[in-house]
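Numbering (my numbering), first residue to last: 456 to 944.
Note that beta-carbon positions come from the ideal geometry of N, C-alpha and C, so glycine has one too.
As the structure is a prediction and not an experimental result, all values here were calculated from the model.
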């Protein structure tokens, strides 16, 4: 769904995987897609081979696939991530070895537990991906069991509550000189050294990003929930995770893309009642399971501007020419629904409305239908006539294609331009109102007409000049002397 214009989408585009060639073949499992990103004209899809039938860790793999959104007939493999590497422990005091590795997918409760309600057994889902300014890719992995089990639900038998501890992961891939993505290894990526090169908690025995628990004692070594976002220019990735401040809490972590170091944390909720460390009674939150989904960076939408110029159309052709000047001091009104604002033209007839914070038309919504109005009886334009609109044949009022002509039509003495405001950041500086010189009618009778006499004949002759062309008409009768008028238009 296209939401870039700040208006609710009315349709969605589908890309059926069944219609695409080039999909990876999974051994002992099924290709399970989730992450989706559009970047520099390409679509990127994250998926894992689940190993759900073979139950072999050797069959666990993650893929990043790319496709052309305009011709989605095939996919290309951009990155392949074997998921049999040693990862950080879900809990350093228990759950080994299954808590220190990715495990095959399962829907069988017998695969979730080993005789305990207090457990963690990570199962991979590639849930999110994004790109930073260098073109490097950041991958967020979720622990599927954290979604399946939740926190503090009853066990299948007995009265014990499930106390699951999730363990996701955060990885980085960097493009080489040929633009081919290379997965981080031993904590290094694209020539940069990350958080650790030898802690045996990631591909090649190290981690680029510090995604361990920030509070002591360190019992949990893989905090990510799988959702992440990158704000361009920040140099950081923000990701959702477990226990940013207290036990059984959830929130956000910030890490530097340059070296993987953690910058700060923010707690959004605490999953236990009582105690400053969060230990106490469950309060219905997600505990140590997956408690948060995707992240998006919400910035103020880019403002828009509308306007252009009121000008004197010297040759009356409805098109702006280089030698035609603007008309200053004209009040121009913007009307959007029940809201309105007025500005006065200056600097050569220019006028501008903007919906930026503190702007003169903050009420103007993206995609809203609005009207520009000029009262043609006001002093700066009262002696002129409105130029005909759309002399170049373009009637769209489009910001890119309807540029030179006059756009206003007369409505009972008011010049009006109806238009649709653009989407986020889409300005329209092409809304122009032209005026031209109006015809001047003068009556110039010749001096000294003959005195009237009831006995004289009268001859009525009219000489008419219209823009330099002369015409004459006359008649005679009885009763008065001759009377002559010169009529110039």
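Quiz item: Leaving out five residues before and five after residue 889 in sequence, what residues of the same chain have Cβ atoms less than 7 Å from its Cβ?
Solution: 766, 768, 773, 842, 861
Quiz item: With residue 679 and residue 596 assumed to form a contact (beta carbons below 8 Å), what rounded beta-carbon distance in angstroms separates them?
Solution: 7 Å
Quiz item: How far does the alpha helix (DSSP H) with residue 725 in it reach, from first residue to last?
Solution: First-last for residue 725: 717-725, but that is the beta strand (DSSP E), not the alpha helix (DSSP H).
Quiz item: Is residue 507 buried or exposed, if buried means 16 or more other CB atoms sit within 10 Å of its CB?
Solution: buried
Practice problem: Go through its chain and collect everything with a Cβ distance to residue 538's Cβ below 8 Å, but skip five positions before and after it. | Solution: 503, 512, 515, 516, 517, 557, 579
Quiz prompt | Selected residue, minimal CA-CA separation from residue 702, among 802, 737, 472 | solution = 737
Quiz item: Is residue 699 helix, strand or coil when you go by DSSP?
Solution: coil
Practice problem: May I ask you to list the residues that DSSP assigns as paired with residue 705? | Solution: 697, 724
Quiz item: Can you name the residues that DSSP bridges to residue 762?
Solution: 807
Exercise. Within its chain, find whatever has a CB closer than 6 Å to the CB of residue 884; leave out the 5 residues flanking it on each side and keep chain order.
Key: 763
Quiz prompt | Where the alpha helix (DSSP H) through residue 599 begins and ends | solution = 599-604
Quiz item: Do residue 652 and residue 646 have their C-beta atoms within less than 8 Å of each other?
Solution: no
Practice problem: Go ahead and label residue 459 buried or exposed: buried means 16 or more other beta carbons lie within 10 angstroms of its beta carbon, across all protein chains shown. | Solution: exposed
Exercise. Any chance you could list the beta strand (DSSP E) runs of at least 3 consecutive residues sitting entirely within the region 842-904, in chain order?
Key: 864-866, 869-875, 883-892
Exercise. Verify whether the separation of the beta carbon atoms of residue 806 and residue 796 is less than 8 Å.
Key: no
Quiz item: When you compare only the Cα positions, how much space is there between residue 811 and residue 676?
Solution: 45 Å
Self-check item: Which of helix, strand or coil DSSP assigns to residue 472
Solution: helix
Quiz item: With distances taken between CB atoms, is the gap from residue 820 to residue 876 smaller than 8 Å?
Solution: yes
Self-check item: First and last residue of the uninterrupted beta strand (DSSP E) at residue 501
Solution: 497-504
Exercise. State the Cα-Cα distance for the pair residue 611 and residue 542, rounded to the nearest angstrom.
Key: 29 Å
Quiz item: Where do the ends of the beta strand (DSSP E) carrying residue 489 lie?
Solution: 486-494
Quiz item: Hey, quick one: how far does the beta strand (DSSP E) through residue 685 stretch, first residue to last?
Solution: 679-685
Self-check item: Where residue 544 falls: helix, strand or coil (DSSP)
Solution: coil
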